[in-house]
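In our numbering, the protein residues as written are 14 to 661.
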Amino acid sequence: MMSYIDFDKSEIINLEYSLSKEILRSNRAGSYSCTTIVGCNTRRYHGLLVSPMEHLDNNKHVLLSGVHETVVLDNNTYNLGIHKYQGDNFTPKGHKYIRDFELSSFPVTTYRIGQFVLQKQLVLVEKSEQVLIKYIVLDAADRVTFMLRPFLAFRNIHQLSKANLHANTKVQFIENGIKQQLYDGYPYLHMQFSDNVEFIQVPDWYHNIEYLEEMRRGYDYKEDLFVPGYFETKLGKGDELIFSASVAEEKPSAFKKNFTDETKKRTPRDSFANCLKNSAEQFFIKQKNRTDLIAGFPWYGSLRRETFVALPGLTLTLGNEDLFKEVMDSMISTFNGCSFEKTEVPGLTLRLASADAMLWMIWAIQQWNKIASNEKTTWKLYGPFIEKVLNCFLHNNINCKVTDYGLVYANTNPHEPISWMDAVVENHSVTHRNGYIVEINALWYNAVKFYLQIAEPNHAKELEKWQQIAGKAEEQFEKVFWLEDLNYLADYVDADTINKSVRPNQVIAVSMDYTPLPIDKRKAVIDICERELLTTRGLRSLSPKNPLYKSNYDGNHEQRLMAAHNGSVWPWLFQHYALAYLHIHKKSGIPHIKRYISEFENDMAENGVGSISELYDGNPPHRGRGAISYAPSVAALLFAIKLVEDYS
């Protein structure tokens, strides 16, 4: 019986198809393993063991780029690996021996050469920087010679390796393998087997390996990788052999047990819901007495806004309140004055937050409060912090000020975007939004009202102040943003500008628990979003009717940035569409939301297999773009599914 996610030989040998399917596994130590279903790396970010290097540059580094297996059978040599070189040259062509590929708890590739059948299974160890690959001979007429070549990179994920004279090409022998340190400052990479194998030293550079996705994205795409030699052993029917690559020397006698133990920890990808759950588990990293949330793979670190947008969906919907609190407490611990301190966490880039991130943080706490159902506890844990954040806005400490309208006015520079639409080209914001920004003010009003909901009565003086501000905001919001002739909300309003672009930011104004809009206008907002923005992959960032609309997110770096918030579809917004829609339609709206949730299931075998991409093309067929697994996207689907359950 085939798995929920599987690919057969006809799909695999079609490289145009199979090279677009990527697999990912991350762990709590901050490492990840990522490649395509045929094992041909198409990005500089791909590798079998990619680990954080705090002492080098606080970023992730590709240590083991890949391995190439070779089988000698009846005096014939069969190379199971694959790399792309110049032109359409794929060498060797190991993908043609793949019988099938399936992804359940872990990736499983089955090779067939005549009667010889070899299965390859891969797991990334949960709490250490180690990858394990198990080889099982399912069928064989005779014993065969099995060889494995490791391809080493030892470089930052954003860079590429070139052959050089500085690399230390010497290896040191250890139990059942070798260790190698290509450059000073790096840890040794320990390559070991569960059984005794022979290592033959044939040091060599493999030149000009090409990464197809980097070429398409307009970046440097050629790399030289170092191969120290190859391991060799004999295998027969029923034999199992485990290869380990780790930054520490391991005990080969423990490999088989460790492999089995690791597989038991995985959520099987045997359904749409479990794929989302499995994906959700991979965004969390625990280091230095803190827990952080990775925004996406393979290149993102921890980003403040994305953390708070995604956190409720990735934790609370799965009943993991403790994990929510760990991340939230880690974030609050870095809040100083009216900003987040830059924290150094291995393998992460913790970007400082813009103003709306603080409001999203309060929104996330609000979602936790619904689960906790204890406002006294919420106030005790988070009340003083929420009060502090609101006062930061009130006292104009974050490039925002609260005006006499009770609304937030953002005074931003063209090169410093303040909202989630933050693409910058040539030092200028692509979608410069200044003044009264619709979703920031929706978040602001909701935050103030939530504060009033949980605040203790002995805060009478403060309560009166915030009640007055909330009252003003409620009175002025509609006057400032509502476009009476068009029947929807302006995207932003400045002294001399009323931006009438149909954008999804307005849906956030009607998805909040507290909204200043009456029900007829909330319904009108939902209607315009449904007509012009809603797709099977989320909401477009701009209506196709707008002359600035970009139908596809492709081309070079600048072209992609121009499209990111001018038409590209963002799944994370679907969560707020679902919230807003069900606020209005209640139980009768469930079939509509369920239909769009089910559309995402078709994406489970695309792009980042088993996960949801960062964004999609604005036009059908809405091809996945950006990060292959994106925390806010996965969170949105989990949140929407739980929302439907609650309304049911």
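Glycine is no exception: its CB is placed at the ideal position from the N, C-alpha and C atoms.
All values derive from a computational prediction rather than experimental measurement.
State buried or exposed for residue i, treating a residue as buried only when at least 16 other CB atoms are found within 10 Å of its CB.
i	result
Asn-88	exposed
Gln-128	exposed
Asp-504	buried
Gly-484	exposed
Pro-430	buried
Leu-365	Confidence at Leu-365 is low in this model, with a pLDDT of 43, below 50, so the placement of that residue is unreliable and no value is reported for it.
Ala-593	buried
Gln-185	exposed
Ser-386	exposed
Leu-361	Confidence in Leu-361 is poor, its pLDDT being 45 and thus under 50, which makes the residue's placement unreliable; the coordinate value appears in the next sentence. With 16 or more Cβ atoms within 10 Å of its Cβ, Leu-361 is classed as buried.
Leu-628	buried
Ile-539	buried
His-96	buried
Asp-101	exposed
Lys-34	buried
Assuming contact is defined by CB atoms lying nearer than 8 angstroms, are residue i and residue j in contact in what I supplied?
i	j	result
Val-240	Tyr-224	no
Ile-126	Val-84	yes
Leu-331	Ala-293	yes
Gly-326	Ala-649	yes
Gly-551	Val-582	yes
Asn-440	Thr-425	no
Phe-114	Ile-191	no
Asn-169	Asn-72	yes
Glu-545	Pro-531	no
Lys-270	Leu-173	no
Ile-654	Ala-153	no
Val-421	Leu-574	no
Leu-69	Gly-242	no
Leu-37	Cys-53	no
Taking the alpha-carbon of residue i as reference, which of the options has the nearest alpha-carbon?
i	options	result
Lys-401	Trp-433, Arg-318, Ser-352, Leu-456	Ser-352
Ile-187	Ala-176, Ala-261, Leu-248	Ala-261
Val-523	Ala-508, Ile-453, Gln-194	Ile-453
Leu-32	Ser-642, Tyr-58, Asn-620	Asn-620
Arg-156	Asp-342, Leu-372, Gly-249	Gly-249
Asp-369	Ser-432, Gly-100, Glu-439	Ser-432
Ser-315	Ser-343, His-445, Leu-86	Ser-343
Gly-94	Leu-151, Phe-164, Pro-216, Ile-654	Phe-164
Tyr-660	His-596, Leu-62, Ser-207, Ile-255	His-596
Ile-255	Glu-67, Asn-189, Tyr-527, Ala-473	Asn-189
Gly-107	Pro-120, Tyr-124, Val-184, Ser-117	Tyr-124
Ser-367	Ile-541, Tyr-201, Ala-423	Ala-423
Met-374	Ala-323, Glu-142, Tyr-110, Lys-389	Ala-323
Asn-27	His-59, Thr-390, Val-622, Ile-111	Ile-111
Phe-244	Tyr-458, Val-215, Thr-390, Asp-509	Val-215
Leu-336	Thr-510, Leu-306, Val-515	Leu-306
Thr-416	Ile-482, His-74, Lys-247	Ile-482
Phe-167	Thr-104, Gln-193, Tyr-464	Gln-193
Thr-104	Tyr-232, Glu-82, Glu-497	Glu-82
Val-515	Val-451, Val-461, Asn-471	Val-451
Please determine whether the Cβ atom of residue i lies at a distance below 7 angstroms from any heavy atom of the ligand SAH.
i	result
Lys-270	Inclusion of the ligand SAH in the displayed structure is not the case, the ligand content being empty and no account of it being possible.
Looking at the strands, I want to know which residues DSSP matches up with residue i.
i	result
Arg-638	Leu-628
Gln-205	Gly-190, Ser-257
Asp-507	Thr-510
Cys-413	Ala-423
Tyr-501	Leu-496
Ile-170	In the DSSP output, where bridge partners are listed per residue, Ile-170 has none listed.
Thr-90	Val-85
Trp-218	Phe-239
Leu-161	Glu-82, Phe-244
Glu-211	Glu-245
Ser-39	Tyr-45
Val-144	Leu-137, Ala-258
Val-150	Leu-131
Tyr-643	Gly-309
Asn-349	Ser-352
Gln-519	Looking at the DSSP assignment, Gln-519 forms no beta bridge with any residue, so it has no partner.
Ser-19	Note that residue 19 is Asp in the sequence shown here, rather than Ser. Paired residue(s): Glu-115.
Gly-621	Glu-35
Glu-223	Lys-235
Gln-185	Lys-192
Using a Cβ-Cβ cut-off of 8 angstroms, state whether residue i counts as contacting chain D.
i	result
Lys-492	The structure shown contains no chain D; it holds only a single protein chain.
Where are the alpha helix (DSSP H) runs, 4 residues long or more, that stay fully inside the segment 540-610, in chain order? 570-577, 585-598
Within the segment 420-455, ranges of the beta strand (DSSP E) (whole runs, at least 3 residues): 421-423
Inside the segment 360-397 only - alpha helix (DSSP H) runs reaching at least 4 residues: 368-385
Please give me, in chain order, every unbroken run of the beta strand (DSSP E) with length at least 3 that falls completely inside the segment 287-335. 297-300, 303-306
Ignoring anything shorter than 3 residues, give me the beta strand (DSSP E) runs that lie fully in the segment 46-134, in order along the chain. 60-66, 72-86, 89-92, 95-97, 103-106, 111-116, 120-126
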